[in-house]
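What follows is one structure encoded as structure tokens, with my remarks underneath.
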Ligand code: PMP
């Protein structure tokens with residue numbers, strides 16, 4: 056929630072991997088905002104495309120038979136990039152709305168198939184799927200679900216790294232009652248948790264075995280973060296639905312959506328009575344779609360989509376040595392341009408502000424990183440250079456040494 060803090064850190068301007076605060080100081084954006092500035096900041100062509108569209112037609116709905124050119128073009132472009140056959144695209148305002156839309160599509164698909172009992176949704180421990188009703192109800196980060204009452208009664212979670220756990224849960228609930236399984240290819244907000252080998256292939260296979268729709272949440276992992284358009288391509292799987300947001304516009308304007316496999320979309324088009332009664336006001340917003348199209352142009356033209364994979368080894372090389380530091384419990388990196396440095400429980404016990412302190416120490420070195428659970432996360436723009444990754448590593452190393460002094464000065 057936005058609150059007025061006494062000392063707010065006001066970001067004023069952005070250019071490529073850099074952002075500037077209101078005092079004019081420059082920082083390396085080690086997190087690409089909230090995992091979204093994939094094309095980097097300050098791209099005039101994206102701003103110009105959005106501005107031109109705002110002047111021509113800022114907003115108009117795509118309900119009924121209405122449409123607009125940017126929405127049509129973006130949906131077609133995304134469908135063409137998606138790793139599923141005959142894809143259809145449902146556009147939303149962001150990732151959380153995409154999650155709610157995907158689960159509602161899944162339930163309506165099963166209803167149309169004569170399986171109205173299939174409403175249960177399985178997600179993973181540590182999963183983050185946004186702040187809307189369904190996304191909150193399936194949250195795997197317990198604290199994000201607590202205190203809101205039962206948002207989605209027909210939901211359960213499985214441990215995040217076991218294919219067998221998913222199979223057992225489907226059998227426990229009853230396959231005839233399970234609508235969908237939601238998974239982030241690499242868990243993001245839950246702490247940057249890459250999947251164990253064989254996991255993604257395994258869970259998609261289990262879903263298909265039991266007629267459960269596999270929903271890949273590529274809100275973070277898409278648009279180059281893992282080196283491909285939707286993140287899942289590297290495992291060669293074909294999910295039934297894929298949610299996206301963030302990198303689709305690199306955050307220049309809010310936009311998200313759902314890629315729907317042709318087989319799952321079919322009943323919505325072929326059966327006149329099967330209307331999908333679900334339409335966010337800003338679905339297909341022309342200016343947001345124009346920003347998305349211009350952003351995809353930039354990602355393609357500058358060869359940025361593959362960068363997540365090209366740079367993952369370098370990021371891992373930079374972060375892994377930090378694991379030897381006495382305050383560090385674990386370093387996670389190696390799948391995409393995503394990393395996390397987790398502090399030991401002892402450090403966090405002795406100094407409860409340790410993560411925020413380390414964030415500030417890195418900031419003082421001119422590098423922005425972000426606390427996530429017990430770790431600090433790294434996910435820079437895809438334009439980042441190897442030397443800038445090293446700068447992130449150095450900021451961590453120096454910050455950790457300073458933090459160690461602070462921890463040692465705490466009284467036992
Ligand atoms: N899914 C995932 C994996 C996310 O990381 C997020 C946002 N961090 C969302 C969904 C929700 O997206 P939004 O905040 O745009 O609603």
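Numbering (my numbering), first residue to last: 56 to 467. Backbone N, C-alpha and C define an ideal beta-carbon position, used for all residues, glycine too. Predicted, not measured: the structure shown is a model, and the values here were computed from it.
For residue 255 against residue 287, the beta-carbon gap comes to about 7 Å, under 8 Å, which counts as contact. The beta strand (DSSP E) runs of length 3 or more contained entirely in the segment 203-241 are, from start to end of the chain, 210-213 and 233-238. Residue 153 has its Cβ nearer than 8 Å to a heavy atom of ligand 1. Under the DSSP definition of a beta bridge, residue 175 partners with 233. Check the Cα spacing between residue 207 and each of 201, 106, 192 and 196: the tightest is with 192. Here residue 281 carries a coil assignment [DSSP, helix/strand/coil]. Closest option to residue 130, judged by alpha-carbon separation, among 398, 303 and 82: 303. Minimum Cα-Cα distance from residue 411 among the listed residues 223, 431 and 369 corresponds to 431.
Between the segment 344-359 and the segment 117-131 there are three or more inter-stretch CB-CB distances shorter than 8 Å, so the stretches are counted as touching. DSSP lists 312 as the beta-bridge partner residues of residue 299. Annotation for residue 426: the continuous beta strand (DSSP E) segment containing it runs 425-427. With 16 or more other Cβ atoms inside 10 Å of its own Cβ, residue 155 counts as buried. The residue among 203, 73 and 148 with its C-alpha nearest the C-alpha of residue 343 is 148.
The C-beta of residue 99 has fewer than 16 other C-beta atoms within 10 Å across all chains shown, which makes the residue exposed.
In the three-state DSSP reduction, residue 106 falls in the helix class (H, G or I). Secondary structure note for residue 255: its alpha helix (DSSP H) is the uninterrupted segment 254-265. Taking 9 Å as the cut-off, the beta carbon of residue 360 is found no closer than this to the beta carbon of residue 444. The alpha carbon of residue 179 has as its nearest neighbour, out of 169, 188 and 197, the alpha carbon of 197. Listed as beta-bridge partners of residue 128 by DSSP are no residues whatsoever. Relative to ligand 1, the beta carbon of residue 90 is positioned inside 8 Å of a heavy atom.
Around the beta carbon of residue 367, a 10 Å sphere encloses 16 or more other beta carbons of the protein chains shown; the residue is thus reported as buried. With distances taken between CA atoms, residue 186 lies nearest to 244 out of 244, 387 and 163.
For residue 91, the CB contacts under 7 Å within the same chain, skipping 5 residues up- and downstream, are 301, 302, 305 and 306 in chain order. Ranking 384, 436 and 319 by CA distance to the CA of residue 357 puts 436 first. Rounded to whole angstroms, the gap between the alpha carbons of residue 338 and residue 326 is 23 Å. In terms of Cβ geometry, residue 236 and residue 275 do not form a close pair [threshold 9 Å].
The beta-carbon distance between residue 433 and residue 83, rounded to whole angstroms, is 10 Å. This is too long to meet the 8 Å contact definition. Taken atom to atom, the span from the alpha-carbon of residue 265 to that of residue 230 is near 6 Å. Distance from residue 429 to residue 403 at the Cβ level is roughly 6 Å; contact confirmed, criterion being Cβ atoms closer than 8 Å. Spanning the alpha carbons of residue 142 and residue 297 requires a straight line of approximately 10 Å. Following the DSSP letters along the chain, one finds residue 402 inside the alpha helix (DSSP H) bounded by residues 400-405.
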